[in-house]
Amino acid sequence: MSSTSMINRSCTLTGGYGEPYQFTEAPVPTPAPGEAIVRIDFTGVCHGDVYSRDGGGPAPAAPIRPLVGGHEGIGEIISVGEPNQGFAVGDLVGIAWRGQVCKVCQSCREGAENYCEQQQIVGMHMDGTFQRYVAFPVDQLIRIPPSLDRAAACPILCAGVTAYTALRKMQPEAGKWCVIVGASGGLGHLAIQYAKHFGLKVLSIDGDAAGNPEKESFCWSLGSDAYIDFLQAGTQLSDLVKTTTDGGAHYVLVFSPHQSAYDAAGDYTRFGGQIMAVGIGNCHISLRPILRKNLIVRSNQTGTKADIEEAMRISASGKVKPKVQLMSLASVNEALGKVKAGGVLGKLVLDVSSNVGLRT
Ligand SMILES: [Zn+2]
Ligand SMILES: [Zn+2]
Numbered sequence: 002m003s004s005t006s007m008i009n010r011s012c013t014l015t016g017g018y019g020e021p022y023q024f025t026e027a028p029v030p031t032p033a034p035g036e037a038i039v040r041i042d043f044t045g046v047c048h049g050d051v052y053s054r055d056g057g058g059p060a061p062a063a064p065i066r067p068l069v070g071g072h073e074g075i076g077e078i079i080s081v082g083e084p085n086q087g088f089a090v091g092d093l094v095g096i097a098w099r100g101q102v103c104k105v106c107q108s109c110r111e112g113a114e115n116y117c118e119q120q121q122i123v124g125m126h127m128d129g130t131f132q133r134y135v136a137f138p139v140d141q142l143i144r145i146p147p148s149l150d151r152a153a154a155c156p157i158l159c160a161g162v163t164a165y166t167a168l169r170k171m172q173p174e175a176g177k178w179c180v181i182v183g184a185s186g187g188l189g190h191l192a193i194q195y196a197k198h199f200g201l202k203v204l205s206i207d208g209d210a211a212g213n214p215e216k217e218s219f220c221w222s223l224g225s226d227a228y229i230d231f232l233q234a235g236t237q238l239s240d241l242v243k244t245t246t247d248g249g250a251h252y253v254l255v256f257s258p259h260q261s262a263y264d265a266a267g268d269y270t271r272f273g274g275q276i277m278a279v280g281i282g283n284c285h286i287s288l289r290p291i292l293r294k295n296l297i298v299r300s301n302q303t304g305t306k307a308d309i310e311e312a313m314r315i316s317a318s319g320k321v322k323p324k325v326q327l328m329s330l331a332s333v334n335e336a337l338g339k340v341k342a343g344g345v346l347g348k349l350v351l352d353v354s355s356n357v358g359l360r361t
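See below:
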């Protein structure tokens, strides 16, 4: 059967910000020059997808519609147009955050295309992976090691590479203390494992208002060396971190977009330590602790294609295993609601192969 006679089932945004996904059907496209058609099996659900549906964050002021969201998809190429850049039918590939970069700006020329100001974001500026078949430029496809579990590998395309690149930028020295704020979430639970890969001691910080033990036991199961519930710790948080880390954190990864997380990090980071801002929201950080303790504050925005492939290889070696909860593509609105509400342990991943229409 030719691809043009096959039907593609998509979850599509058609209304304004805040309107839910609709289920649409259309013929599977044929690839344009330089494009491949990828049959998606699984796709992760990310905060970026919440912005695409509901607005805010990096989403454009006026919504781009119709739009298929999703940017953590994995599947096989079913057809490819020339030039194919070495990709062929049957290759296992991933579709991540970027669908297009300019290749001429300073960041592109310096091999940091994740900072390209002209980048087209998948599932925000162009159609993404909340559908069975995606037409996608081959030069932004990611090669996926076939040994990896397809569902479990999805989060590495975005959350995993972000956590890994953030850690690597700090050039961490084994044996030192890394504090991870927001440790049980999509980014945090992968950061714990990558930090252990770098030989760091990990203090996980997260919070449960009701005092439930799930987040804490989840962090322990991933290799944490210590855990603090910041809600239970209250004003004692910094003292507890300093005691646990024998004087303060050497490295802090802040995945929480809350001001209190940055205020606390400035307090419990030790002399000469580094704070990596990833969950930025509208936060600021005081210069006082930076000056007083010679701190370094850095930031990180996803990673390059090469970074993703490096993060994948580390996962393929068995050192980093994303914890995923599977849902059907039909549950996309429910899944986005859960991500928006917070508190998901690990990552939600949608099974696209069992696509049977949106659940109402
Ligand atoms: Zn993402
Ligand atoms: Zn560029």
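Residue numbers (my numbering): 2 to 361. Every residue gets a Cβ at the ideal spot worked out from N, C-alpha and C, and that includes glycine. None of the values given here were measured: they were computed from a predicted structure.
Residue 349 to residue 129 span [Cα, whole Å]
Each residue's alpha carbon lies about 16 Å from the other.
Just to confirm my understanding: we take residue 58, look at its own chain, exclude 5 residues before and 5 after, and list those with CB closer than 6 Å. What are they?
Counting only Cβ-Cβ distances below 6 Å, and skipping sequence neighbours, we find 52.
Backbone CA spacing between residue 332 and residue 118 [nearest angstrom]
33 Å
Shell residues, 5 Å Cβ cut-off relative to heavy atoms of ligand 1:
47, 49, 159
Give me the pocket residues for ligand 2, defined as CB within less than 7 Å of any heavy atom, sorted by chain position.
102, 103, 104, 105, 106, 108, 109, 114, 117, 118, 119, 120
Quick test of the definition: if touching needs 3 or more C-beta pairs under 8 Å, does the segment 131 to 140 touch the segment 107 to 114?
No, the segment 131 to 140 does not touch the segment 107 to 114.
Measure from the alpha carbon of residue 225 to the alpha carbon of each residue in 180, 247, 88, 30, then state which is nearest.
180
Exposed unless 16 or more other CB atoms sit within 10 angstroms - verdict on residue 10:
buried
Rounded C-alpha distance that separates residue 17 from residue 185
32 Å
So residue 352 is in the beta strand (DSSP E); what residue range does that whole segment cover?
It spans 348 to 352 - the beta strand (DSSP E) in which residue 352 sits, taken as one unbroken run.
Apart from the five residues just before and just after residue 124, which ones in its own chain have a Cβ nearer than 8 Å to its Cβ?
49, 50, 53, 68, 69, 70, 71, 72, 130, 131
Taking DSSP as the reference, what is the three-state secondary structure of residue 17?
coil
Three-state secondary structure (DSSP) at residue 1?
Within the shown structure, residues of the chain are numbered from 2 to 361, placing residue 1 beyond reach of any answer.
Counting contacts by CB-CB distance shorter than 8 Å, is residue 30 in contact with chain C?
Any reference to chain C falls outside this structure, which holds one protein chain only.
Where does residue 270 sit, in a helix, a strand or coil, going by DSSP?
strand
Give the list of continuous beta strand (DSSP E) stretches no shorter than 3 residues that lie fully inside the segment 177 to 233.
178 to 182, 202 to 207, 227 to 230
Taking residue 42 and residue 162 to be in contact with their CB atoms under 8 Å, please state how far apart those CB atoms are, rounded to whole angstroms.
Rounded to the nearest angstrom, the Cβ distance from residue 42 to residue 162 is 20 Å, too far for a contact under 8 Å.
When the Cα of residue 321 is compared with those of 236, 289, 347, which residue comes out closest?
347
Residue 304 to residue 235, Cα distance in whole Å?
Their backbone Cα atoms lie some 34 Å apart in a straight line.
Do you know how far the Cα of residue 80 is from the Cα of residue 212?
51 Å
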